[in-house]
Amino acid sequence: MSETLWIILAGAAMTYLARAGGHLVLSRFERIHPRVEAGLNAVPAAVLTTLFAPALLTGGPAEISAMVVAGLVALRFSFMPMFIAGAAVLIALRYLTG
Amino acid sequence: MAAETISPSRTTSQFWSGVRLAVPATVAAGPFAILYGALAAKQGLSFFEIVLMSVTIFGGASQMVGIELFGQRLPGWIVVLSIFAVNFRHVLYSAAVGRRIAHWPAWQQAVGFFFLVDPVYAESERRIEAGEKIGFVWYMGIGLTIYVAWVVISAVGAGFGALIPDTHAIGLDFLLPIYFLGLVMGFRKRPLWLPVVIASGVVAAIAYRYVGSPWHVSIGAAAGVALAAALAKPHPPADPEPDEAGAAP
Chain P
22 MSETLWIILA
32 GAAMTYLARA
42 GGHLVLSRFE
52 RIHPRVEAGL
62 NAVPAAVLTT
72 LFAPALLTGG
82 PAEISAMVVA
92 GLVALRFSFM
102 PMFIAGAAVL
112 IALRYLTG
Chain H
603 MAAETISPSR
613 TTSQFWSGVR
623 LAVPATVAAG
633 PFAILYGALA
643 AKQGLSFFEI
653 VLMSVTIFGG
663 ASQMVGIELF
673 GQRLPGWIVV
683 LSIFAVNFRH
693 VLYSAAVGRR
703 IAHWPAWQQA
713 VGFFFLVDPV
723 YAESERRIEA
733 GEKIGFVWYM
743 GIGLTIYVAW
753 VVISAVGAGF
763 GALIPDTHAI
773 GLDFLLPIYF
783 LGLVMGFRKR
793 PLWLPVVIAS
803 GVVAAIAYRY
813 VGSPWHVSIG
823 AAAGVALAAA
833 LAKPHPPADP
843 EPDEAGAAP
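Here the protein sequences line up with chains P and H, keeping their order. Residue numbers for the first sequence, in my numbering: 22 to 119. Residue numbers for the second sequence, in my numbering: 603 to 851.
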C-alpha cells in the first residue's frame with residue numbers, strides 16, 4: 022500500500038477517534054477544567070490560522086488584498102460570499118498586474 | 603399507540619425529516635466538495651485516493667488541510683496530526699451529543715459518531731433545545747444525506763481538476779488560504795478568539811521564517827492553545843456552539 026493511502030486511513034481513524042472519543046473520555050468527568058476546555062476550544066482556530074498566516078508574509082499585492090477583502094466581508098456575511106469576494110479580488114488583481 | 607412501537611411509515615417520515623434538514627448544508631458544502639476534488643487532483647492524488655479520503659475522513663476542512671500538506675512532501679505523521687488537529691473540535695461535539703444518544707444501542711452510537719460533522723451537530727443541538735429526543739433514524743437522515751452528497755460531489759470535482767488548464771490565472775493555488783481564513787472568521791464568536799488568532803498567526807509567521815515549514819503549524823498552534831488556557835476564566839463549562847463555518851464545509 023502506498024504512503025498516501027496510509028496517511029488517509031490514519032487520518033480517518035484519528036477523525037473517528039475525535040468524534041467518538043469526546044463522549045467516551047469527557048463524559049467520565051463531571052466537569053472539564055476551564056483551562057482545558059478553553060485550550061480545546063482554541064485548537065481549530067489556532068491550527069487554521071497557522072495555515073494562512075505565512076501567506077500574508079509571502080504573498081504579493083493580489084494575495085494580500087484578497088485576504089483583507091475576504092476578512093472584511095466575513096465580518097458581515099456568511100462563508101460563501103466571503104469566499105467568492107476573496108477569489109474575485111484575487112483573480113481580478115492577478116489579471117490586472119499580470 | 604405506545605411510544606415504543608414505531609411503525610414503518612413513521613420511521614420513513616423521521617428519515618425524510620432529517621433529509622430535509624440536511625438540504626441547506628448540502629447545498630452550501632457542494633462547491634467546496636468540487637473544490638476539494640479539483641485541488642486534490644492538481645496535487646497529484648489519484649481518483650481513488652481523492653474519493654477514499656471523502657469516504658473515510660468525511661471532514662471538509664481537514665481534507666483541505668490534508669491535500670495542502672500532501673503537496674509539501676512532509677513526513678506522514680505530520681499530515682495525520684494536522685488532520686486530527688482540525689477535527690479536534692468534534693471532541694466537544696461528541697461530548698455534548700453523546701449524552702443525548704446514550705440510550706441508543708452501542709452499534710448505533712458507534713455508527714452515529716462517524717456522521718457527527720458540523721451540520722449534524724448543529725441540527726442535533728437545535729432539536730435538543732426544542733425539547734425533542736434525537737432518534738437514530740432522524741439523525742441518519744441528516745448524516746447520510748450530507749455524506750452521500752459530499753462523496754459524490756468530490757468525485758465530480760476530482761474529474762474536473764484534470765481539465766483546468768491554468769490554475770494560477772483562476773487563482774486556484776491561493777483559494778485554500780482564503781478558505782482557511784474564512785473558517786477562522788467563522789469561529790470569531792468563541793471566547794478568546796482574537797488573542798488566539800493573533801498569537802497563532804504571529805508565532806506561525808515568525809516560525810515560518812526562522813524555523814521553516816511545516817513546523818510553523820505546530821509551533822503557531824501551540825502558542826494559540828497555550829494562550830487560551832492561560833487566559834481562561836473559571837466558569838461552568840457550557841455546550842459548544844456549532845461553528846458558523848460548519849454550515850459550509
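Positions of the beta carbon are idealized from the N, C-alpha and C atoms, including for glycine.
Within the 7 angstroms Cβ cut-off, does residue i reach chain P?
i	result
Val799 of chain H	yes
Ala850 of chain H	Residue confidence is low: Ala850 of chain H scores 45 on pLDDT, short of 50, so the model does not pin down where it sits. No coordinate-derived value is stated.
Ser609 of chain H	no
Pro721 of chain H	no
Val688 of chain H	yes
Pro626 of chain H	no
Met787 of chain H	yes
Phe762 of chain H	no
Phe738 of chain H	no
Ile636 of chain H	no
Phe776 of chain H	yes
Ile744 of chain H	no
Met603 of chain H	With a pLDDT of only 43 at Met603 of chain H, under the threshold of 50, the placement of this residue in the model should not be trusted; the figure read from the coordinates follows. Chain P, which has no Cβ nearer than 7 angstroms to the Cβ of Met603 of chain H, makes this no.
Ala847 of chain H	Residue confidence is low: Ala847 of chain H scores 46 on pLDDT, short of 50, so the model does not pin down where it sits. No coordinate-derived value is stated.
Gly620 of chain H	no
I want to verify the contact list: residues of chain P whose CB lies under 7 angstroms from the CB of residue i, in sequence order.
i	result
Phe782 of chain H	Leu69, Leu72 and Phe73
Val682 of chain H	Ile28, Ala31, Gly32 and Met35
Trp795 of chain H	Ala66
Gly773 of chain H	Ala108, Leu111, Ile112 and Arg115
Ile730 of chain H	Within chain P, no residue comes near Ile730 of chain H; the closest Cβ sits about 14 angstroms away, beyond 7 angstroms.
Leu718 of chain H	Arg40
Ile685 of chain H	Gly32, Met35 and Thr36
Using a Cβ-Cβ distance cut-off of 7 angstroms, determine whether residue i contacts chain H.
i	result
Val94 of chain P	no
Gly32 of chain P	yes
Phe104 of chain P	yes
Gly107 of chain P	yes
Ala113 of chain P	no
Phe100 of chain P	yes
Gly43 of chain P	yes
Thr118 of chain P	no
By the criterion of Cβ-Cβ separation under 9 angstroms, what are the contact partners of residue i in chain P?
i	result
Arg691 of chain H	Ala39, Leu61, Asn62, Val64 and Pro65
Ala751 of chain H	The contacting residues do not exist; Ala751 of chain H stays about 16 angstroms from chain P at best.
Ala630 of chain H	Ser99, Phe100 and Met101
Kindly list, in the order they appear in chain P, the residues whose Cβ is closer than 8 angstroms to that of residue i.
i	result
Arg792 of chain H	Asn62, Ala63 and Ala66
Ile659 of chain H	Ile29, Gly32, Ala33 and Thr36
Tyr594 of chain H	Summary: the structure shown does not reach residue 594 of chain H, with chain H confined to residues 603 through 851, and so no result is reported for it.
Ala712 of chain H	Ala41
Leu647 of chain H	Thr25
Phe715 of chain H	Tyr37, Arg40, Ala41 and His44
Who are the neighbours of residue i on chain H, taking C-beta pairs under 9 angstroms?
i	result
Arg49 of chain P	Near Arg49 of chain P there are no residues of chain H at all, since even the closest Cβ is about 10 angstroms away, more than 9 angstroms.
Which chain H residues are close to residue i, counting only those with a beta carbon under 8 angstroms from its beta carbon?
i	result
Leu5 of chain P	Any answer about residue 5 of chain P is impossible in this case: the structure gives chain P only from 22 up to 119.
Arg56 of chain P	Ala831, Ala832 and Ala834
Leu78 of chain P	Ala807, Tyr810 and Arg811
To the nearest whole angstrom, what separates the beta carbons of residue i and residue j, a pair I think is in contact under 8 angstroms?
i	j	result
Ala807 of chain H	Leu78 of chain P	5 angstroms
Val688 of chain H	Ala31 of chain P	With 8 angstroms as the limit, Val688 of chain H and Ala31 of chain P do not qualify as a contact, their Cβ atoms being about 14 angstroms apart.
Pro75 of chain P	His818 of chain H	6 angstroms
Ala831 of chain H	Arg56 of chain P	4 angstroms
Ala627 of chain H	Ile736 of chain H	With 8 angstroms as the limit, Ala627 of chain H and Ile736 of chain H do not qualify as a contact, their Cβ atoms being about 17 angstroms apart.
7 angstroms is my cut-off, CB to CB: does residue i come that close to chain B?
i	result
Arg701 of chain H	Structure shown: chain B not included; protein chains present are P and H.
- Task: Please go through the region 28-92 of chain P and give each complete alpha helix (DSSP H) segment of 4 or more residues, from N-terminal end onward.
- Result: Given a length threshold of 4 residues, each whole run of the alpha helix (DSSP H) inside the region 28-92 of chain P is given here in chain order: 55-79.
- Message: Under 9 angstroms, CB to CB, which of the residues in the region 801-829 of chain H have a partner in chain P?
- Response: So the list reads Ala801, Ser802, Gly803, Val804, Val805, Ala806, Ala807, Ala809, Tyr810, Arg811, Ser815, His818, Val819, Ser820, Ile821, Gly822, Ala823, Ala824, Ala825, Gly826, Val827, Ala828 and Leu829, given in the order they occur along the chain.
- Message: Any C-beta of chain P within less than 7 angstroms: which residues of the region 698-709 of chain H qualify?
- Response: Contacts with chain P (Cβ-Cβ distance below 7 angstroms) from the region 698-709 of chain H involve Gly700 and Arg701, listed in chain order.
- Query: In chain order, what residues of the region 665-678 of chain H put their CB closer than 8 angstroms to some CB of chain P?
  - Reply: Against chain P - using a Cβ distance shorter than 8 angstroms - the residues of the region 665-678 of chain H are Val667, Gly668, Glu670, Phe672 and Gly678.
- Message: Suppose only complete runs of 4+ residues qualify. What are the alpha helix (DSSP H) ranges in the region 672-747 of chain H, listed by chain order?
- Response: Within the region 672-747 of chain H, the complete alpha helix (DSSP H) runs of at least 4 residues are 678-688, 691-700, 708-716 and 720-731.
- Quick one: which unbroken beta strand (DSSP E) runs of 3-plus residues sit fully inside the region 755-837 of chain H? Chain order, please. For the region 755-837 of chain H, not a single whole beta strand (DSSP E) run of length 3 or above is found.
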